[in-house]
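Here the structure comes first, spelled out in structure tokens, and everything after it is commentary.
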Amino acid sequence: MELNVLWFILVGVLFTGFFFLEGFDYGVGMLLPFLGKDDVERRMIINTIGPVWDGNEVWMITAGGAMFAAFPHVYATMFSGFYMALFVMLMALIVRGVAFEFRSKDENPQWRSTWDWMIFIGSALPALLWGVAVTNLIQGVPINAKMQYAGTFFDLLSPYTLVGGVAFLLVFLFHGALFLTLKIEGPIIERARKAAVTIGILAAVAFLSLVGLTYTNTDLFKSGLASITLWGAVVVFVLGYALAWIKKYGWAFAMSGLAIVFTTIAFFSGLFPRIMVSSLNPSWSLTIHNASSSAYTLKIMTFAALILVPIVLAYQGWTYWVFRKRVTAKDLEY
Amino acid sequence: MDALLLARWQFAMTTVYHFLFVPLTLGLSVLVAVMETLYVQTGNEMYKKMTMFWGKLFLVNFSMGVVTGIVQEFHFGMNWAEYSRFMGDIFGAPLALEALTAFFIESTFLGLWIFGWERLSKRVHLACIWLVAFASNLSAFWILVANSFMQSPVGYALQNGRAEMTDFLAVITNPYVWGQFPHTVLGGLVTAGVFVTAISAYYLLKQRHLPIFRMSIKVGLACMLVSTLLVMGTGHLQAQYLAKKQPMKMAAMEALWESADPAPFAIAVVVDEANKKNSFEIGIPKVLSLLAYDKPEGEIKGINELQAAAEMKYGPGNYTPSITQSFWTFRIMVLSGLWMMLLAVISIFLLYKERLEENGTVLKLLLWSLPVPYIANSTGWILTEGGRQPWIVVGLQKVSQAVSTNVTSTEVWISLIGFTVIYGVLAIAAIYLVRKFILEGPVEHKPVLGVLTKNKEATLWN
Numbered sequence: 007m008e009l010n011v012l013w014f015i016l017v018g019v020l021f022t023g024f025f026f027l028e029g030f031d032y033g034v035g036m037l038l039p040f041l042g043k044d045d046v047e048r049r050m051i052i053n054t055i056g057p058v059w060d061g062n063e064v065w066m067i068t069a070g071g072a073m074f075a076a077f078p079h080v081y082a083t084m085f086s087g088f089y090m091a092l093f094v095m096l097m098a099l100i101v102r103g104v105a106f107e108f109r110s111k112d113e114n115p116q117w118r119s120t121w122d123w124m125i126f127i128g129s130a131l132p133a134l135l136w137g138v139a140v141t142n143l144i145q146g147v148p149i150n151a152k153m154q155y156a157g158t159f160f161d162l163l164s165p166y167t168l169v170g171g172v173a174f175l176l177v178f179l180f181h182g183a184l185f186l187t188l189k190i191e192g193p194i195i196e197r198a199r200k201a202a203v204t205i206g207i208l209a210a211v212a213f214l215s216l217v218g219l220t221y222t223n224t225d226l227f228k229s230g231l232a233s234i235t236l237w238g239a240v241v242v243f244v245l246g247y248a249l250a251w252i253k254k255y256g257w258a259f260a261m262s263g264l265a266i267v268f269t270t271i272a273f274f275s276g277l278f279p280r281i282m283v284s285s286l287n288p289s290w291s292l293t294i295h296n297a298s299s300s301a302y303t304l305k306i307m308t309f310a311a312l313i314l315v316p317i318v319l320a321y322q323g324w325t326y327w328v329f330r331k332r333v334t335a336k337d338l339e340y
Numbered sequence: 003m004d005a006l007l008l009a010r011w012q013f014a015m016t017t018v019y020h021f022l023f024v025p026l027t028l029g030l031s032v033l034v035a036v037m038e039t040l041y042v043q044t045g046n047e048m049y050k051k052m053t054m055f056w057g058k059l060f061l062v063n064f065s066m067g068v069v070t071g072i073v074q075e076f077h078f079g080m081n082w083a084e085y086s087r088f089m090g091d092i093f094g095a096p097l098a099l100e101a102l103t104a105f106f107i108e109s110t111f112l113g114l115w116i117f118g119w120e121r122l123s124k125r126v127h128l129a130c131i132w133l134v135a136f137a138s139n140l141s142a143f144w145i146l147v148a149n150s151f152m153q154s155p156v157g158y159a160l161q162n163g164r165a166e167m168t169d170f171l172a173v174i175t176n177p178y179v180w181g182q183f184p185h186t187v188l189g190g191l192v193t194a195g196v197f198v199t200a201i202s203a204y205y206l207l208k209q210r211h212l213p214i215f216r217m218s219i220k221v222g223l224a225c226m227l228v229s230t231l232l233v234m235g236t237g238h239l240q241a242q243y244l245a246k247k248q249p250m251k252m253a254a255m256e257a258l259w260e261s262a263d264p265a266p267f268a269i270a271v272v273v274d275e276a277n278k279k280n281s282f283e284i285g286i287p288k289v290l291s292l293l294a295y296d297k298p299e300g301e302i303k304g305i306n307e308l309q310a311a312a313e314m315k316y317g318p319g320n321y322t323p324s325i326t327q328s329f330w331t332f333r334i335m336v337l338s339g340l341w342m343m344l345l346a347v348i349s350i351f352l353l354y355k356e357r358l359e360e361n362g363t364v365l366k367l368l369l370w371s372l373p374v375p376y377i378a379n380s381t382g383w384i385l386t387e388g389g390r391q392p393w394i395v396v397g398l399q400k401v402s403q404a405v406s407t408n409v410t411s412t413e414v415w416i417s418l419i420g421f422t423v424i425y426g427v428l429a430i431a432a433i434y435l436v437r438k439f440i441l442e443g444p445v446e447h448k449p450v451l452g453v454l455t456k457n458k459e460a461t462l463w464n
């Protein structure tokens, strides 16, 4: 296989892993102030993702690094073009990251509540912004002949991309609520179940709107694989909701995860071989060929990735096994 | 102000801030691992308390390093897109490898370490913190590989309008990185050594928790002595290498305008940058040549000659970095190092004579020296990065060519102000926490069930 194609797939895999894993982290983070009635409950909720959220976030860092290494023009165009959006995301990720570490370190209720809301904001904004970003990539943004983004921050906001943002946010909320039903004990379970069922409806509406608008606003459905996976995502999402309704939460979580995975695959295969679509002229789009690194760098990075990614998966998987038990109020040692 | 200048300010501010936390992470991860090793080997609960106490401080510092590090990764694309296009083929690889080899290990095993005290066996738990220490220092290696290319490019060819990698092995065996990496890692150990020593000195002064901090100060001082000696050794070798590879940086940090053989070592100068001379200087004859070449002779090229040579090679322009900044940052760094080494020698001597605890003056000096490694780390990097101006990649791309062309100065203003404000607020929160931990001391974790706080926020579901 051509290495440019392989790296496109690899970047896609990294984003898929990131959305699947951080998807429930973001969801749990957003639910925290609402589902946790007192401090013990909130610590329990945080501890469901406490040992793993940082490792999950590294999927995003690695996706960014991989894009820089394999498709430097995409990295340059996207990061400078989406400047203000990324600035907001960075601010959110900063407060979220320290909030997990800081919130329990002082007993002052005001202190804890402030950081809990920081976790909420720090989870909601990136979830929203990633949805806006992904839909912009496929809808197309003003990229000129010199591979430069020629628009403003407000060009990134359109009905389609805003629906994309809201859909990502709500799907992650649903995914996170289901994750909580599996990982926690006590009265929070019932609240998380209710939340999943309530949010699930909204998420379904937003998600179906996203699929509909993707049909009208983009050329995603021209790709066979993209069409199959996006319809597949719709089916498993609805199935996931039905399973939550009949209280099969484990299967429901698997389905919400699968819906996220299928959606990511659909968007990436809809883009292929482009990575950023130019709305000004199709031939100005950034593709896996005109935006890539040299064949030599791709070869070196391929060796590294093929050796390292399985190792990473193995020890991250082991972590989930170590923390497989439900979080109870008794073992809040941290 | 134009976007270029603002982007430079932003990078300088966020990098210096990020690097306040990184060295302590590099060094303290190792010291916490050493403490836990003592615990596992002896089974003595005192070592566990010690590990938990320093571990708590480590975690606050670590999280600050992580979140400010994400900003650094994003910066290259946001503010320096043209740099990313020109250098992505070479620069992206070490960044991606840093994430794949180091960040995943660091984050995953730190999570296991924090939450795994009850779930993992003692040895597996110990292995986790050693893996964190290993991965932190490995990440330093990759980012310094990337930085070393900017200082001294190797293993590349200029083609397709950019620098393309032709020899990966040459990039990671760049002689520059093998000077810079040990110096940086040792700088981290110095920082951790001083940090542990200074805070332990506080407890010895206050006569609190004596057993733990008697032991801690031994660990801290041993680390401080060994690492200050080695950091100066590696720094010396690095400077000798600079004399050959980056003569302009060498001349700038010595404020040496005219080539000289043998060259004197300047102790203090007043630089007159406009007239390209020093309006005042005192120095010791021959010493600079001696330092650079291990013999009291040998030519050190001066700034004026190097500027003329650069104009010949690259065309008209200013190829001289700020001389005042280079000269004084170098001297502040070296003096900080000497101060810490001297203090370590004296304290260890007193410790050996069992007179350290009664010597309030030395303990106070140790405590007040807490900022010194931070000053050394920051001035060292300001020297390194300021000294390659006007280049972003020496000889290949200028800083002015590297900035994003489509980002407006308004946008950079907004983000600059945003980062400054949030970094300021976080600094206050972090210092508040560290101060609180130090005042509390190594207390047992408070029972969580006792601190129920009634939640007053809106509730959507009941």
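In order, the protein sequences belong to chains F and R.
Counting from 7, one number per residue, gives the positions in the first sequence under my numbering.
Counting from 3, one number per residue, gives the positions in the second sequence under my numbering.
Think of the CB as a built atom: it goes at the ideal place given N, C-alpha and C, for glycine as much as any other residue.
Spell out whether any CB of chain R is found under 8 Å from the CB atom of V140/F. Closer than 8 Å: no.
Can you tell me where the beta strand (DSSP E) with E166/R in it begins and where it stops? 164–167
Classify N457/R: buried if its beta carbon has 16 or more other beta carbons within 10 angstroms, exposed otherwise. Its pLDDT being 43, under 50, N457/R is placed unreliably by the model, and the measurement read from it follows with that caveat. Buried: at least 16 other Cβ atoms inside 10 Å.
From G157/F to L12/F, what does the alpha carbon distance come to, in whole angstroms? 31 Å
The stretch 400–412 of chain R: which residues have C-beta closer than 7 Å to a C-beta of chain F, in chain order? From the stretch 400–412 of chain R, only S406, T407, N408, V409 have a Cβ closer than 7 Å to chain F.
Could you say which of A82/F, L96/F, D122/F, F25/F lies nearest to S262/F if we only look at CA atoms? F25/F
If you reduce the DSSP assignment to three classes, tell me which class Q154/F lands in. coil
Does the beta-carbon distance from W383/R to F143/R come in below 8 Å? no
Nearest-angstrom beta carbon gap, I214/R and S261/R [assumed within contact, 8 Å]: S261/R to I214/R, Cβ: 56 Å. No contact.
Is L244/R near M252/R, with beta carbons less than 8 Å apart? yes
Measuring CB to CB, does T193/R end up less than 8 Å from P375/R? yes
What span of residues does the beta strand (DSSP E) with R280/F cover, start to end? 280–282
Only counting runs of 4 or more residues, tell me where the alpha helix (DSSP H) segments fall wholly within the stretch 238–289 of chain R, in order along the chain. 249–256
Cross-chain neighbours of E107/F in chain R, by beta carbon under 7 Å: L61, V62, S65
C-alpha gap between L216/F and G137/F, whole angstroms: Answer to the nearest angstrom: the Cα atoms are 10 Å apart.
On a Cα-Cα basis, can you pick out the residue from F227/F, F108/F, D60/F that is closest to A429/R? Looking from the CA of A429/R, the closest CA among F227/F, F108/F, D60/F belongs to F108/F.
Which stretch, first to last residue, makes up the alpha helix (DSSP H) that contains I131/R? 124–153
With a threshold of 8 Å, are at least 3 pairs of Cβ atoms found where one atom belongs to the stretch 193–207 of chain F and the other to the stretch 225–241 of chain F? no
Just by C-beta distance, which residues in the stretch 34–59 of chain R are closer than 9 Å to chain C? Reference to chain C is not applicable here, since the protein chains of this structure are F and R.
Nearest-angstrom Cα distance between N306/R and E275/R? 11 Å
Within 10 angstroms of the Cβ of M307/F, are there 16 or more other Cβ atoms? Answer buried if so, exposed if not. buried
Does the Cβ of N10/F have 16 or more other Cβ atoms within 10 Å, making it buried, or fewer, making it exposed? buried
Based on DSSP bridge pairs, tell me the residues matched to K400/R. Looking at the DSSP output, K400/R sits in a beta bridge with W393/R.
What is the residue span of the alpha helix (DSSP H) that Q322/F lies within? In the DSSP assignment, Q322/F falls within the alpha helix (DSSP H) that extends over 301–328.
DSSP beta-bridge partners for A159/R? E166/R
Check whether the Cβ atoms of I350/R and L227/R sit closer than 8 Å, and answer yes or no. yes
Looking at chain F, is there any beta carbon in it that lies within less than 8 Å of the beta carbon of S141/R? no
Please look up how many angstroms separate the CB atoms of F77/F and S298/F, rounded, as I've assumed it's under 8 Å. 5 Å
I'd like to know whether the C-beta of M152/R is nearer than 8 Å to at least one C-beta of chain F. By this cut-off, M152/R is not an interface position.
For chain R, find out if any of its Cβ atoms is closer than 8 Å to the Cβ of I52/F; answer yes or no. no
Taking L232/R as the reference, which of G45/R, A310/R, L340/R, C130/R has the closest Cα? L340/R
Between which residues of its own chain and S285/F is the CB-CB distance below 7 Å, once the five residues before and five after are set aside? G146, V147, P148
For V34/F, which residues in the same chain have their Cβ closer than 7 Å to its Cβ, ignoring the five residues on either side in sequence? I51, T54, I55, G182, F185, L186
Proximity test, Cβ basis, 8 Å: T187/F and chain R: Not closer than 8 Å to any Cβ of chain R, the Cβ of T187/F fails to qualify, so no.
Can you find the residues in the same chain that come closer than 7 Å, C-beta to C-beta, to V196/R, ignoring five residues on each side of it along the sequence? M226, M342, S371, L372, V374, P375
Using a C-beta to C-beta distance shorter than 7 Å, which residues of chain F count as neighbours of L114/R? P57, T325, V328
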